[in-house]
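Count the sequence shown with the working numbering and you get residues 260 to 652, in order.
Glycine included, each C-beta is placed from N, C-alpha and C at the ideal position.
Working notes for the structure below.
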Amino acid sequence: MPDPNLKDLADAYFDGDLGAVELVRLEAAINEDEAFRRWFAGQCRRETALHAVIRMQGDAIIAASPSTHRLARRRRRFARPMTLAWPIAALAAAALLLLTIGLSTGGGPRPDVVLVAGVASRAEGSMGSLHPGAGLRVGDRLAVARTATLRFVASGAEVVLDGPAALSIRSDGLGLDAGHVDCSLPHQRAGESFHVSTPQAVIEVMGTRFSVDVAERTDVAVHEGIVTVSDRDSTLRLHAGQRGTWPVPAKVDQPVGPATGPSIGPGFVANVVRSVSLLDATSDRPVAAYTPLVDGAVVSLRRLPSATVGLLVDTDPRVDAVRFQVYGPSRGSPNSSVEVKLPFTYPGDVSKDINQTWRLVPGSYRVVIECYEDFEATAPSGPASSVSFTVSD
């Protein structure tokens, strides 16, 4: 006999009284509790048998009397018999849930993903449309013309697709070639995560709500929690309220552009970063013409005392560490660095003198700045900030 609370959930499910929150609890229990899963499967088979008995008894009663037979025919013109409404509704819902959790009474392998709403079609290999209840396996490629909702059995992720969209089912999550998805993911166990892979980036989550839009670029927006986005050059964390854009990788026969990093969308600049200035490495002083260094600035090498420079960030006093992610054609400096003492400078400071290793060359640059309230750089003070500028001769 299962836990009384779980039994109450199952009873409410078969009675058609289960709300959305309770349904999530029921699905979680089925996925995590082997004994309860077997008990629930048995209950579903009993419901199926009960429905068959009720139907046979009803047919026998109707056939026994001509007047009853005529009355039944008249009633079917207007409504379903009330005595059969609840088992039919319960069985219809049970069929969908059984597909979702992989408990088909035939004993076949459970699907990796279930289409729970909308219509989709396989991109290759078979004809016809897929409708709610259809099971999908890793490796399946789908096309969605309008909207569809997928549920990933193992992770519990629910993905709402806004077509036109092209995607594939992967062992670690979802491959999105084109289209828009809204994802909702319960918190995963330690060591587990869910991935959305696009042509431009890989989004990794442990439990959150986020959106991904893929066209010529990959746009990621985080509604709850934190996601990690990686491209060929770097890894960046986005927090709730942040969004990022990743460009299409350059083709093999084209030169790689200087600015290949993500751009943080407008409206999400953190108040913890007050200003960014360009430093002259030889004097360790801000360059007046580029203090502050505003987004979109054009830096002329002719106006600099030296091409060897650094960046100085003025932050809120509560900030204990700053992480720099730098994208551009510069040479002789790290792509990323973390500073844990004032002044916060890039590419770093040694005995109050910045490392004189960052030499600007003509091209486009983007600097992404993350601030933290701890020296280990694990507790963000707010959303990341960024500044872009172009260096000219």
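| Check | Outcome |
| --- | --- |
| 8 Å Cβ cutoff met for Q584 and L444 | no |
| N-terminal and C-terminal residue of the alpha helix (DSSP H) that L265 is part of | 263-274 |
| Identity of the residues DSSP links to T649 by a beta bridge | V557, S623 |
| Enclosing beta strand (DSSP E) for P588 [first to last residue] | Per DSSP, P588 belongs to no beta strand (DSSP E) and is neither H nor E. |
| Member of S565, V557, S559, V535 whose CA lies at the smallest distance from the CA of S542 | S565 |
| Minimum C-alpha distance to R533 - residue among V546, H498, V572 | V572 |
| Which of helix, strand or coil DSSP assigns to F583 | strand |
| From A382, H390, V372, residue whose alpha carbon lies closest to that of G432 | V372 |
| Counterpart residues of I628 in DSSP-defined beta bridges | F583, S644 |
| Where G392 sits in the DSSP three-state scheme | coil |
| Same chain only: Cβ atoms within 6 Å of P340, ignoring 5 sequence neighbours per side | Caution is warranted here: a pLDDT of 37 is assigned to P340, below 50, making its placement in the model unreliable, and no coordinate value can be reported. |
| Contact set for P525: own chain, Cβ-Cβ below 8 Å, skip 5 residues either direction | In this predicted model, P525 has a pLDDT of only 36, less than 50, meaning its place in the structure is not dependable enough to derive any value. |
| R400 in three-state terms, based on DSSP | strand |
| Counted within 10 angstroms of its Cβ, other Cβ atoms place I360 as buried (16 or more) or exposed | Because the pLDDT at I360 is just 47, under 50, the model does not fix this residue reliably, and the value given afterwards should be weighed accordingly. Buried, because 16 or more other Cβ atoms sit within 10 Å of the Cβ of I360. |
| Local conformation of G301 per DSSP, three classes | helix |
| Contiguous beta strand (DSSP E) assignments of at least 3 residues, all confined to the stretch 416-483 | 417-429, 432-443, 453-456, 461-464, 468-473, 477-483 |
| Candidates L401, P576, E598, D652: closest to S582 by CA position | Ser is not the amino acid found at residue 582; the sequence shown has Arg there. Nearest option by C-alpha distance: E598. |
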